[in-house]
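Here's the structure, in structure tokens; my notes come after.
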Amino acid sequence: MNIAIDGPAGAGKSSAAKLAAKKLGYIYVDTGALYRAVGVAALRRHIPTDSAKDVAAILPEIKVELAFVAGEQRVLLNGEDVSDEIRLPEASMAASNVSAIPAVRAFLFDLQRNIAKKTDCIMDGRDIGTVVLPDAECKIFLTASPEIRARRRFLELEQKGTPVDYETLLSEIRQRDFNDSNRAIAPLKPAPDAVILDSSDLTLDEVVERITALAKECAEAEH
Ligand code: DC
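Residue numbering for the sequence shown follows my numbering, starting at 91 and increasing by one per position.
Here you go:
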């Protein structure tokens, strides 16, 4: 059983999917981390992350792997755990840039498919229901307004003691939405058979509840 959750940056996919996976006893796979790892590899080499030619040229030198330690996903870049580094703000835009490059998407495709083949998982990303797992038993498109997503991110960073101006966050979210939705390859969009879940007026617990309820419905429909 595979559950695909797609949606824009900041809609709460990872927080909700992680909790839902725990409740269902599934593995949670965050595919954005893979694109982030490729972005970090490019940043480390000081190559432009939006250059298809330059980024494609480094792919033979890099190995991206996912490890699951006590149910938690870790991302390895050439054997090094980069799970923290990929969360730096510059890694977000780098990931968005490299993810528009077809060679990068092809490079990460089998890794994602193989995990889903081997185990029950909730996989989140942008193209999971449309491209990576078009046969997933359950597909959810989790979204929220850009303002709500920027506000959530603002509160999160404020709590962490690293406040960032709200308008800056909102414009970054809009920029990433535009990049992710308008690229030629595997753009962010709901699969025709996805259930649209708007989290704008829902708490995290409510979103988790909807996801687990949908997962049960999908599992019953399979039998
Ligand atoms: O989910 P995230 O913010 O960690 O993803 C980082 C970037 O990676 C995002 O801007 C778009 C890209 N991405 C993608 O193109 N396809 C996926 N399945 C997951 C992420």
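Yeah, the Cβ is synthetic: ideal placement off N, Cα and C, and Gly gets one too.
Values in this document were obtained by computation on a predicted structure and should not be read as measured data.
Start-to-end residues for the alpha helix (DSSP H) that takes in G129: Taking the first residue of the sequence shown as 1, we reach residue 129 at position 39. Following the DSSP letters along the chain, one finds G129 inside the alpha helix (DSSP H) bounded by residues G122 to R134.
Beta-carbon contacts of D171 that lie in its chain and below 6 Å, excluding the five residues immediately before and after: Stepping through the sequence shown from its first residue, residue 171 is reached at position 81. Excluding positions up to five away in sequence, the list reads R164.
Environment of G115 [buried if 16+ CB atoms lie within 10 Å]: Position 25 of the sequence shown holds residue 115. G115 comes out exposed.
Where the beta strand (DSSP E) through A157 begins and ends: Within the sequence shown, the letter at position 67 stands for residue 157. Taken as a continuous stretch (DSSP letters only), the beta strand (DSSP E) holding A157 covers V154 to V159.
Anticipated Cβ contact below 8 Å, L167 with V154, distance rounded: Position 77 of the sequence shown, counted from the start, is the residue given in the question as residue 167. Position 64 of the sequence shown, counted from the start, is the residue given in the question as residue 154. Going by Cβ atoms, the distance from L167 to V154 rounds to 6 Å, so yes, they are a contact pair.
Heavy atom of the ligand DC within 7 Å of S182 beta-carbon: Translated into positions along the sequence shown, residue 182 becomes position 92. Yes, the beta carbon of S182 sits closer than 7 Å to at least one heavy atom of the ligand DC.
From V130, V298 and L247, residue whose alpha carbon lies closest to that of I95: Position 5 of the sequence shown, counted from the start, is the residue given in the question as residue 95. The shortest Cα separation from I95 among V130, V298 and L247 belongs to V298.
Three-pair Cβ contact test at 8 Å for the segment 133 to 146 versus the segment 235 to 244: no
Bridge partner(s) assigned by DSSP for V285: Reading the sequence shown from its first residue, position 195 is the one you call residue 285. Answer is I230.
Distance cut-off 7 Å: I218 Cβ against heavy atoms of the ligand DC: The residue given as residue 218 occupies position 128 in the sequence shown. I218: yes, Cβ under 7 Å from the ligand DC.
Rounded straight-line distance, which links the Cα of L198 to that of H136: For the purposes of this step, residue 136 is taken as residue 46 along the sequence shown, with counting starting at 1. For the purposes of this step, residue 198 is taken as residue 108 along the sequence shown, with counting starting at 1. Near 21 Å, if we compare the C-alpha coordinates of L198 and H136.
Cβ shell of I93 (< 6 Å), same chain only, five flanking positions each side left out: Taking the sequence shown and counting its residues from 1, one reaches residue 93 at position 3. Within the same chain, I93 has close Cβ partners I212, C228 and A305.
Cβ-Cβ separation, D270 to V278 (assumed contact under 8 Å), whole Å: Position 188 of the sequence shown holds residue 278. Position 180 of the sequence shown holds residue 270. The question names Val, yet the displayed sequence has Leu at residue 278. Sure, about 4 Å apart at Cβ, within 8 Å.
Through-space distance from A193 to A184, alpha-carbon basis: Position 94 of the sequence shown, counted from the first residue, corresponds to residue 184. Position 103 of the sequence shown, counted from the first residue, corresponds to residue 193. The alpha-carbon atoms of A184 and A193 are separated by roughly 15 Å.
N-terminal and C-terminal residue of the alpha helix (DSSP H) that D270 is part of: As a position in the sequence shown, residue 270 is number 180, starting the count at 1. Note, D270: alpha helix (DSSP H), Y256 to N272.
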